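The opening position of the sequence shown corresponds to residue 31 in my numbering, with each subsequent residue numbered one higher.
First up is the structure itself, then whatever we jot down about it.
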Amino acid sequence: MLMVDTDAVAVERLLLAGGLACPRCGGVLRPWGHARWRSSRREQGAVRHRPRRASCTGCAKTHVLLAAAWLLRRADAASVIGSALLAKAAGAGHRLIAAALGRPASTVRGWLRRFGARAEQVRVLFTRLLHSLDPQAGPLLPRESVFADALEALGRAGAAGVRRLSPRPPWEFASWASAGLLLAPPVGW
Ligand SMILES: [Zn+2]
31 MLMVDTDAVA VERLLLAGGL ACPRCGGVLR PWGHARWRSS RREQGAVRHR
81 PRRASCTGCA KTHVLLAAAW LLRRADAASV IGSALLAKAA GAGHRLIAAA
131 LGRPASTVRG WLRRFGARAE QVRVLFTRLL HSLDPQAGPL LPRESVFADA
181 LEALGRAGAA GVRRLSPRPP WEFASWASAG LLLAPPVGW
């Protein structure tokens with residue numbers, strides 16, 4: 031899997047021009063059909079999309095090109111999950127968040143637990159990223175929980191990414207920078 035920009039036309043152009051590198055060996059990726067159709071959910075409702083697939087001219091491994099609007103193995107957009115995380119950090123419970131987002135309470139509870147288990151890793155990753163993107167960045171002040179600290183680091187790094195790299199919605203930046211693994215099991219990246 032390789033995290034790519036959400037602009038499918040730009041990604042296709044890059045792929046055809048040999049501008050995407052294999053995450054395993056750094057070799058040039060070439061088009062290799064498509065992955066299966068997926069049904070995913072944004073704020074406004076369900077969308078069907080079919081990620082591009084590419085194969086490596088170096089190691090021959092194939093990779094799904096996943097747009098940074100999504101997270102690995104999650105049906106909901108990173109921005110939907112992100113708004114649930116922010117609401118939790120602001121003190122809301124999972125049932126209230128689920129009702130506001132129109133998602134099952136068990137789904138939202140799963141997101142919050144998974145992020146909570148990974149929060150320290152997320153905090154460390156995005157704090158490093160913040161300081162590499164912006165060496166002048168002021169320190170991150172500890173908040174009331176590691177959960178909130180992780181979101182603070184993520185938001186500050188996202189803002190630094192916009193200034194330094196390109197305008198990009200914060201949760202797309204978070205997904206891209208974590209290789210889609212924000213809610214993956216807490217074992218390395
Ligand atoms: Zn390769």
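Ideal placement from N, C-alpha and C gives every residue a C-beta, glycine not left out.
It should be emphasised that the depicted structure is a prediction, and the values quoted were computed from it without experimental measurement.
Asked	Found
Please output, in chain order, the residues near ligand 1 using a CB cut-off of less than 5 Å to any non-hydrogen atom of the ligand.	C52, R54, C55, G57, C86, G88, C89
Could you say which of P134, V176, L195, E150 lies nearest to I223 if we only look at CA atoms?	In the structure displayed, the chain extends from 31 to 219; residue 223 sits before or after that span and is not available.
So what does A51 bridge to, in DSSP terms?	V58
Quick one, which of L195, P172, H124 has its alpha-carbon nearest L159's?	L195
Quick one, are the C-beta atoms of G185 and W100 less than 8 Å apart?	no
For T92 versus G57, is the C-beta distance shorter than 8 Å?	no
On a CA-only basis, which of S109, A120, R82 is nearest V41? Give me that one, please.	R82
Leaving out the 5 sequence neighbours to the left and right, which residues in its chain are closer than 7 Å to V77 when beta-carbon positions are compared?	S70
Give me the Cα-Cα distance between W201 and A90, rounded to the nearest whole angstrom.	31 Å
What runs of the alpha helix (DSSP H), each 4 residues or longer, lie entirely inside the region 120-192?	124-131, 135-163
Would you decide whether L171 is buried or exposed? Buried here means 16 or more other CB atoms lie within 10 Å of its CB.	exposed
Check the C-beta distance from P61 over to A84 and give it rounded, since I have them as a contact under 8 Å.	6 Å
Taking the alpha carbon of A107 as the reference point, which residue from V138, A122, L44, A120 has its own alpha carbon closest?	V138
Kindly list the residues whose CB is nearer than 6 Å to the CB of K118, restricted to its own chain and excluding five residues on each side of it in sequence; keep chain order.	L142
What residue from A105, A38, M33 has the CA that sits closest to R68's CA?	A105
Where does L195 sit, in a helix, a strand or coil, going by DSSP?	coil
Please check the pair A129 and F156, which I expect to be a contact at CB under 8 Å, by giving their CB distance rounded to whole angstroms.	Not quite, the Cβ-Cβ distance comes to about 29 Å (not below 8 Å), so this is no contact.
Assuming A5 and V39 make a contact with CB atoms under 8 Å, what is their CB distance in whole Å?	Because residue 5 is not part of the residues shown, which for the chain are 31 to 219, the question remains open.
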